[in-house]
Amino acid sequence: MRNLFRRALPKVAGDAGQEAVPDLWVRCGRCREMLYAREWAEASKVCPKCGFHARLTISDRVALLLDANSWQELDPDLRPTDPLGFAPAGRPSYAEKLATESLDSGQSEAAAYGRGTLDGLPVSLAILDMGYFAGTLGSVVGEKIARAFELGIAERRAVIVVSASGGARQQEGVVALIQMAKTAAAVQALGAARLPFISILTDPTLGGVTASFATLGDCIIAEPGAVIGFAGPRIIEQTTGEKLPPGAQTAEFQLRHGMVDQVVARRDQKAIIARLIRLFSHATQPAQDPTASASTPHGEPRVVATAGVQ
4 MRNLFRRALP KVAGDAGQEA VPDLWVRCGR CREMLYAREW AEASKVCPKC
54 GFHARLTISD RVALLLDANS WQELDPDLRP TDPLGFAPAG RPSYAEKLAT
104 ESLDSGQSEA AAYGRGTLDG LPVSLAILDM GYFAGTLGSV VGEKIARAFE
154 LGIAERRAVI VVSASGGARQ QEGVVALIQM AKTAAAVQAL GAARLPFISI
204 LTDPTLGGVT ASFATLGDCI IAEPGAVIGF AGPRIIEQTT GEKLPPGAQT
254 AEFQLRHGMV DQVVARRDQK AIIARLIRLF SHATQPAQDP TASASTPHGE
304 PRVVATAGVQ
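First residue of the sequence shown? That's 4 in the working numbering, and the numbers climb one at a time after it.
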């Protein structure tokens with residue numbers, strides 16, 4: 004009889020800083036406070052106790068930034084190949100890891116791009132997701148980022164890129180490194196067309212992503228507490244023999260040293276980005292140079308340097 008009336012305790016879904024099976028409660032990844040899962044999700048996965056911004060999925064980002072039912076993803080089936088036949092001895096090959104990542108995450112790659120509206124403003128949006136291969140920059144991710152800029156040029160849209168990445172994808176070697184130059188060239192083309200680029204840096208933004216498109220925005224926004232840098236602190240310390248100052252790779256440190264323009268909490272991002280796009284609206288008039296806006300109509304995007312893409 005005692006067991007008959009015993010109340011079952013609710014399960015804990017896990018750390019709020021990590022993806023977990025949906026349940027009644029989650030634990031904050033910073034302060035370890037127990038949070039009601041529904042309220043936490045409605046707050047865009049920001050801890051109400053300490054303000055910790057947990058990582059978001061692509062669908063979370065779309066819901067946060069875009070108007071309801073305005074998102075149209077493009078090229079969702081673009082998938083990477085294994086151009087180098089990367090197969091280290093005694094470890095899974097790159098092809099095997101791609102299959103495992105897709106199965107575990109339900110995604111075909113670490114990035115998505117498409118069109119939508121933000122506060123009624125037409126935008127081209129690209130999002131990187133740490134949940135697939137640590138958001139690394141490979142052939143397909145680079146191609147999707149470049150196509151997001153081409154979409155912006157073809158349809159006269161502001162471009163927003165949300166970065167969350169561990170850097171370039173080592174398994175693709177020089178093919179991954181080419182994407183740094185390719186995406187930087189895409190940013191330059193958007194600038195020549197006099198269209199704005201808003202870059203949002205989230206936790207973490209590292210390596211080749213930091214060294215290319217992520218830090219080339221007309222306005223660079225970072226989320227509170229995001230880790231932003233090139234190499235990790237351990238590698239820097241091993242290379243230089245010196246310890247980094249406390250918090251040297253946080254968004255707040257980068258703001259103080261001029262590397263980002265604003266640190267913006269999630270609840271304010273949509274309104275601030277809309278204000279920025281309107282501020283830049285005078286620059287969305289067609290450029291005088293006819294070659295600056297020459298691009299193919301979207302639907303048949305110009306494809307360059309697509310080694311490793313199918």
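We treat Cβ as the ideally placed atom computed from N, Cα and C, and that holds for glycine.
Bridge partner(s) assigned by DSSP for residue i
| i | result |
| --- | --- |
| threonine 208 | Ser168 and Ile231 |
| serine 202 | Val164 and Ile223 |
| proline 125 | Thr120 |
| glutamate 76 | Gly117 |
| leucine 140 | Ala171 |
| valine 266 | Ala225 |
Cβ-Cβ distance between residue i and residue j below 8 Å
| i | j | result |
| --- | --- | --- |
| leucine 154 | leucine 69 | no |
| aspartate 206 | glycine 235 | no |
| valine 266 | alanine 225 | yes |
| alanine 151 | serine 168 | no |
| leucine 59 | alanine 40 | no |
| isoleucine 231 | isoleucine 203 | no |
| isoleucine 201 | glycine 220 | yes |
| glutamine 182 | leucine 140 | yes |
| glycine 145 | glycine 170 | no |
Helix, strand or coil at residue i according to DSSP, with G and I counted as helix
| i | result |
| --- | --- |
| methionine 133 | coil |
| serine 47 | coil |
| methionine 37 | strand |
| threonine 218 | helix |
| arginine 82 | coil |
| glutamine 257 | helix |
| valine 65 | helix |
| glutamate 104 | helix |
Euclidean distance between Cα positions of residue i and residue j
| i | j | result |
| --- | --- | --- |
| alanine 46 | glycine 88 | 43 Å |
| methionine 133 | serine 284 | 32 Å |
| proline 248 | alanine 196 | 40 Å |
| serine 73 | glycine 119 | 5 Å |
| arginine 278 | tryptophan 43 | 27 Å |
| glycine 194 | glutamine 174 | 32 Å |
| cysteine 222 | proline 199 | 8 Å |
| tyrosine 97 | alanine 137 | 14 Å |
| glycine 93 | valine 65 | 39 Å |
| proline 95 | threonine 103 | 10 Å |
| alanine 308 | alanine 114 | Confidence at alanine 308 is low in this model, with a pLDDT of 40, below 50, so the placement of that residue is unreliable and no value is reported for it. |
| glutamine 110 | valine 29 | 24 Å |
| alanine 172 | glycine 32 | Just to set this straight, residue 172 is arginine in the shown sequence, not alanine. The alpha-carbon atoms of arginine 172 and glycine 32 are separated by roughly 26 Å. |
| alanine 57 | alanine 129 | 19 Å |
| aspartate 271 | glycine 123 | 16 Å |
| lysine 246 | isoleucine 156 | 44 Å |
| glutamate 76 | leucine 258 | 32 Å |
| leucine 38 | proline 91 | 42 Å |
| phenylalanine 256 | aspartate 63 | 26 Å |
| alanine 161 | proline 83 | 27 Å |
Below-8 Å beta-carbon distance, residue i vs any chain D residue
| i | result |
| --- | --- |
| valine 162 | Absent here is chain D; the protein component of the structure consists of one chain. |
Residue i classed as buried or exposed, judged by whether at least 16 other C-beta atoms fall within 10 angstroms
| i | result |
| --- | --- |
| alanine 268 | exposed |
| valine 24 | Because valine 24 carries a pLDDT of 46, less than 50, the predicted location of this residue cannot be relied on, and no value is offered for it. |
| isoleucine 238 | exposed |
| valine 165 | buried |
| serine 215 | buried |
| tyrosine 116 | buried |
| glycine 244 | exposed |
| alanine 251 | exposed |
| lysine 52 | exposed |
| cysteine 50 | buried |
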